[in-house]
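Comments concern the structure below.
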Amino acid sequence: MSARLSIWQRSRIPLLSVLLGIGVTLIAVGLIALIRLCTNLAFHGHVSTAEAVPNFSTWGAWGILVPVIGGLIIGVMARWGSPAIRGHGIPEAMQAIGTAASRIPARVAILKPLSAAISIGTGGPFGAEGPIIATGGAVGSLVGQWLPSSPVQRKILLAAGAAAGMTAIFGTPLAAVLLAVELLLFEYRGRSFLPVALAAGTAMALRSCFHEPLPMFPLAFDRAPDLPLSSGAFLIGGICGLLAVIVTKAVYALEDAFEKLPVHWMWWPAIGGLVVGVIGWIEPRTLGVGYDNLRELLEGSLAVKAILTLATLKFLSWWVALSSGTSGGTLAPLMTVGGAVGALCAHALHGIPLYADFPIGLGVLIGMAATFAGASRAFLASVVFAYEASHAAGSLGPLLLGCGAAVLVSRVLMRETIMTEKLARRGVRVPSDYEPDFLESIPVGKAMEAEPLKVGPEETVAEIALRLATPGTPWHDVRLIPITGPDQALLGLITRADLFAALESPQTTVLEAGIQHPVTIHAEDSLAEAADRMIRHGIGRIPVVDRSPAPKLVGLVTRRAILEAKRYHLELDRMPHP
Numbered sequence: 010m011s012a013r014l015s016i017w018q019r020s021r022i023p024l025l026s027v028l029l030g031i032g033v034t035l036i037a038v039g040l041i042a043l044i045r046l047c048t049n050l051a052f053h054g055h056v057s058t059a060e061a062v063p064n065f066s067t068w069g070a071w072g073i074l075v076p077v078i079g080g081l082i083i084g085v086m087a088r089w090g091s092p093a094i095r096g097h098g099i100p101e102a103m104q105a106i107g108t109a110a111s112r113i114p115a116r117v118a119i120l121k122p123l124s125a126a127i128s129i130g131t132g133g134p135f136g137a138e139g140p141i142i143a144t145g146g147a148v149g150s151l152v153g154q155w156l157p158s159s160p161v162q163r164k165i166l167l168a169a170g171a172a173a174g175m176t177a178i179f180g181t182p183l184a185a186v187l188l189a190v191e192l193l194l195f196e197y198r199g200r201s202f203l204p205v206a207l208a209a210g211t212a213m214a215l216r217s218c219f220h221e222p223l224p225m226f227p228l229a230f231d232r233a234p235d236l237p238l239s240s241g242a243f244l245i246g247g248i249c250g251l252l253a254v255i256v257t258k259a260v261y262a263l264e265d266a267f268e269k270l271p272v273h274w275m276w277w278p279a280i281g282g283l284v285v286g287v288i289g290w291i292e293p294r295t296l297g298v299g300y301d302n303l304r305e306l307l308e309g310s311l312a313v314k315a316i317l318t319l320a321t322l323k324f325l326s327w328w329v330a331l332s333s334g335t336s337g338g339t340l341a342p343l344m345t346v347g348g349a350v351g352a353l354c355a356h357a358l359h360g361i362p363l364y365a366d367f368p369i370g371l372g373v374l375i376g377m378a379a380t381f382a383g384a385s386r387a388f389l390a391s392v393v394f395a396y397e398a399s400h401a402a403g404s405l406g407p408l409l410l411g412c413g414a415a416v417l418v419s420r421v422l423m424r425e426t427i428m429t430e431k432l433a434r435r436g437v438r439v440p441s442d443y444e445p446d447f448l449e450s451i452p453v454g455k456a457m458e459a460e461p462l463k464v465g466p467e468e469t470v471a472e473i474a475l476r477l478a479t480p481g482t483p484w485h486d487v488r489l490i491p492i493t494g495p496d497q498a499l500l501g502l503i504t505r506a507d508l509f510a511a512l513e514s515p516q517t518t519v520l521e522a523g524i525q526h527p528v529t530i531h532a533e534d535s536l537a538e539a540a541d542r543m544i545r546h547g548i549g550r551i552p553v554v555d556r557s558p559a560p561k562l563v564g565l566v567t568r569r570a571i572l573e574a575k576r577y578h579l580e581l582d583r584m585p586h587p
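Just so you know, the sequence shown maps onto residues 10 to 587 in this note's numbering.
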């Protein structure tokens, strides 16, 4: 029975992730239908879930007020529903992991997709991916709250739901898994990677049943990466990294400006909606999700003036709307602006003979991925997303160079990211990197004290106390003493405190006064395991024993040994002095 229970415990979270992938995919399909319904109602005055384009053909100039009405509705939902629906949702998911043991309220899972559908359906310049990623994470968190789960298991389910949501929208399962690893999990371990992969794979399989486009942003490109392509990609990536820094700082600067307005934040989305409506009147392509804009950019058919107009006005519309606290995503708008800048860079490169035939579509793809990579620092997710979303066979090398350049610029010029700046202001620390625990690679035998001082079981507390009280001897600073019998068999331990407490009966033996069943560890175990046992049992020293039936003492590992290992690790990472 215990073996069966063990198997069930190991497989429960992966199996739940499969079910979660199914549920989140259905929610994503429902969100897309709801966005279309809102678009048809708001801009065309009829009830339909058919694909619709937000424009002014029905209401004329009165259509400028449609985003304002949407903003008013979202402000009301945020004030009396949940403020967590404001923004693009990923920072809130990261905060839930960091400070709330991965608990997200149920109302967020309901209100987030509903508010996003209203926001995008009334012309908000956002993509559906951010809200569904946040919603998928909320659903995963709820599953982990409804069923008995540890905080780590809830975090895994939250990340699995988020990955399923991104996959359902874009059809990029590997990128979704990597995004979950880089922004939510901050670890690459079998216990977390497998459930997230199963959820994303399930969403990908189910997505095909609803005839969603695949690839999402097709690009016919199979040219072998040569020097012009590679160096051009690096240049475009660097420029888009600078763009990512500017965009991130601009968003938070405008958020700060909204904070100073003499009106309640409930009204801010309506103010943002007015700007969205006016810009939409000038350029209707800035309204809504704008996935078609990305496809047109990748085709390379837009004129330079049209690209510049789209980049400028889409950024302004999204910048004001997001900063106003409405509900929407960042991925698609960032990629639209970045793709347009990438296209402009490719056109500019054509003026240099070496880059005369640099493909516009490749410039767009690199701009899309590099801008998101620079803003979020989700490097691998950005590269793989562009590769999966386009199926451009020869783009992987240039994408690596472009996104690498963008992240390099971002790291040099910006401390936080578009995902973490808000959390940093709230005092929430989010890891920026993750690496294996170096203590896992160091065996206890390498750091232990091989010849610790020890005593026999018949010695009295009075005798040992006299040794400890004698200055200038090795015994003077001893805090824990192993008690050994014949052939170094470990019989127990006695601490300095226990020994002096037993002095009321000076002839008491150390074995009677000490601990007869101590916590032990083996020489081949890792220092990470030693540290875990010290924390779990509230101790600072552990005897090291062999694996014989009557374990023999072979050493003693202390907190100081672990700290010394840490110090040595820090020294290896320190830059040498010139």
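Heads up, the beta-carbon is just placed ideally off N, CA and C, and yes, glycines get one too.
Computed from a prediction, not measured in an experiment: that's the story for all the values here.
Taking 8 Å as the cut-off, does the segment 184-193 touch the segment 387-404 (at least 3 CB pairs, one atom from each stretch)? yes
Rounded separation between THR335 and GLU221 - CA only: So the alpha carbons of these two residues sit roughly 27 Å apart.
For THR67 and GLY54, believed in contact at Cβ under 8 Å, the rounded distance: 6 Å
Bounding residues of the alpha helix (DSSP H) (the contiguous stretch that carries GLY501): It is not in any alpha helix (DSSP H) - GLY501 instead sits in the beta strand (DSSP E) that spans 499-504.
Cβ-Cβ distance between ALA137 and LEU40 below 7 Å: yes
Inter-residue CB distance, LEU322 and ILE291 (contact presumed, cutoff 8 Å): Taking a contact as a CB-CB distance under 8 Å, the pair LEU322 and ILE291 counts as one, their CB atoms being some 6 Å apart.
When burial is assigned at 16 or more other CB atoms within 10 Å of the CB, is ALA59 buried or exposed? exposed
By the DSSP assignment, the beta strand (DSSP E) with PRO552 in it spans what residues? 550-554
Under three-state DSSP, which class holds MET10? Residue placement at MET10 is flagged as unreliable, the pLDDT there being 37, under the threshold of 50; the coordinate-derived value follows with that caveat. Coil at MET10, not helix or strand.
State the DSSP-derived secondary structure class of VAL470, mapped to helix, strand or coil. helix
Distance between beta carbons of ALA102 and ALA143, contact taken as under 8 Å: That belief holds up - the Cβ atoms of ALA143 and ALA102 are roughly 6 Å apart, short of 8 Å.
Tell me the rounded alpha-carbon separation between SER514 and GLY501. For SER514 and GLY501, the gap between their C-alpha atoms comes out near 19 Å.
Reducing DSSP to helix, strand and coil, say where PRO491 ends up. DSSP places PRO491 in strand when its eight states are reduced to three.
Cut-off 7 Å between Cβ atoms - residues of its own chain near HIS359, not counting five sequence neighbours on either side: Sequence-distant partners of HIS359 (beyond 5 residues in either direction) whose C-beta falls short of 7 Å from its own C-beta, in its chain, are ALA365, PHE367.
Spatially closest choice to LEU238 from LEU167, PRO407, GLY297, TRP327, by CA coordinates: Selection LEU167, PRO407, GLY297, TRP327 evaluated against LEU238 yields PRO407 as nearest (Cα-Cα).
Residue environment, GLY564, which counts as buried when at least 16 other CB atoms sit within 10 Å: buried
Could you tell me the distance, in whole angstroms, from the CA atom of ARG505 to the CA atom of PHE195? 41 Å
Take the Cβ of SER159 as the centre, count every other Cβ of all protein chains shown within 10 Å, and call the residue buried at 16 or more, exposed below. exposed
Pairwise C-alpha distance: THR426 and MET10: With a pLDDT of only 37 at MET10, under the threshold of 50, the placement of this residue in the model should not be trusted; the figure read from the coordinates follows. Using only the alpha carbons, I get a separation of about 49 Å.
List the residues that DSSP assigns as beta-bridge partners of VAL272. Its beta-bridge partners do not exist; DSSP assigns none.
Apply the 10 Å Cβ neighbour rule to ILE16 and answer buried if 16 or more other Cβ atoms are within range, or exposed otherwise. exposed
Taking its Cβ as the centre, do 16 or more other Cβ atoms sit within 10 Å of TRP155, making it buried, or is it exposed? So TRP155 ends up on the exposed side.
Can you give the Cα-Cα distance for LEU410 and ALA242, rounded to whole angstroms? 6 Å
By DSSP, does PRO182 sit in helix, in strand, or in coil? helix
Check each candidate in ALA320, GLU308, MET275 and name the one with the smallest Cα separation from ILE601. The structure shown does not extend to residue 601, since the chain spans only 10 to 587, so no value can be given for it.
In the structure shown, what three-state DSSP assignment does HIS485 receive? DSSP places HIS485 in the coil class of the three-state scheme, outside both helix and strand.
So, does the segment 201-216 touch the segment 22-30, judging by three or more C-beta pairs under 8 Å? yes
If you compare alpha carbons, which of ALA387, MET428, HIS400, LYS431 is closest to GLY413? ALA387
Just reading off the alpha helix (DSSP H) that THR318 is part of, what are its end residues? First-last of the alpha helix (DSSP H) with THR318: 313-332.
Reduced DSSP secondary structure (H/G/I, E/B, other) of LYS463: Three-state result, LYS463: coil.
Three-pair Cβ contact test at 8 Å for the segment 373-387 versus the segment 338-348: Output reads yes: the segment 338-348 touches the segment 373-387.
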